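*Asks:* The numbering of the sequence shown is this note's numbering, which starts it at 451 and goes up by one.
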Amino acid sequence: MDHFRPTREPARSIYDTLLSEASKRKGRRTEDWISAERDAVLREAIFLAQKMGRRAPSLEDVERAERAAMGHSDYIAKWSYGVAAAITS
């Protein structure tokens with residue numbers, strides 16, 4: 451059981467997308483997996499925002515949420531919640 455996984459949308463889908471992309475880090479250069487994770491989060495966030503009839507977040511929103519999550523033990527969850535907040539607020 452993943453205790454950090456959000457229980458509500460859109461954070462849950464963003465989390466799942468990010469976790470899936472993070473599993474591909476091995477063998478990639480650092481700058482490549484960072485870019486791939488940001489892109490995956492942005493694509494999912496745009497999809498979810500459109501589905502919800504909300505404003506789609508920008509890459510800057512995604513990066514801001516990522517920076518706020520850095521250093522936390524629940525990094526992926528914090529990042530997901532931050533992007534979800536950009537969609538819902």
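Ideal placement from N, C-alpha and C gives every residue a C-beta, glycine not left out.
A quick note: this is a predicted structure, and the numbers were derived from the prediction, not measured.
Just to confirm the assignment, what range does the alpha helix (DSSP H) spanning F497 have?
*Replies:* Its alpha helix (DSSP H) spans residues T480 to M502.
*Asks:* Closest to A515 by CA distance: which of K474, G503, F497 and R488 is it?
*Replies:* Minimum Cα distance to A515 is reached at R488.
*Asks:* To the nearest whole angstrom, what separates the beta carbons of I464 and S530, a pair I think is in contact under 8 Å?
*Replies:* Right, the Cβ-Cβ distance comes to about 4 Å (below 8 Å), so this counts as a contact.
*Asks:* Looking at C-alpha atoms only, which residue of I537, A527 and A536 is the closest neighbour of L469?
*Replies:* When only C-alpha atoms are compared, the closest one is A527.
*Asks:* Check each candidate in S485, P456, I537 and L492 and name the one with the smallest Cα separation from L509.
*Replies:* If we check each option's Cα against that of L509, L492 comes out closest.
*Asks:* By how many angstroms is the C-alpha of P460 removed from the C-alpha of A506?
*Replies:* Using only the alpha carbons, I get a separation of about 12 Å.
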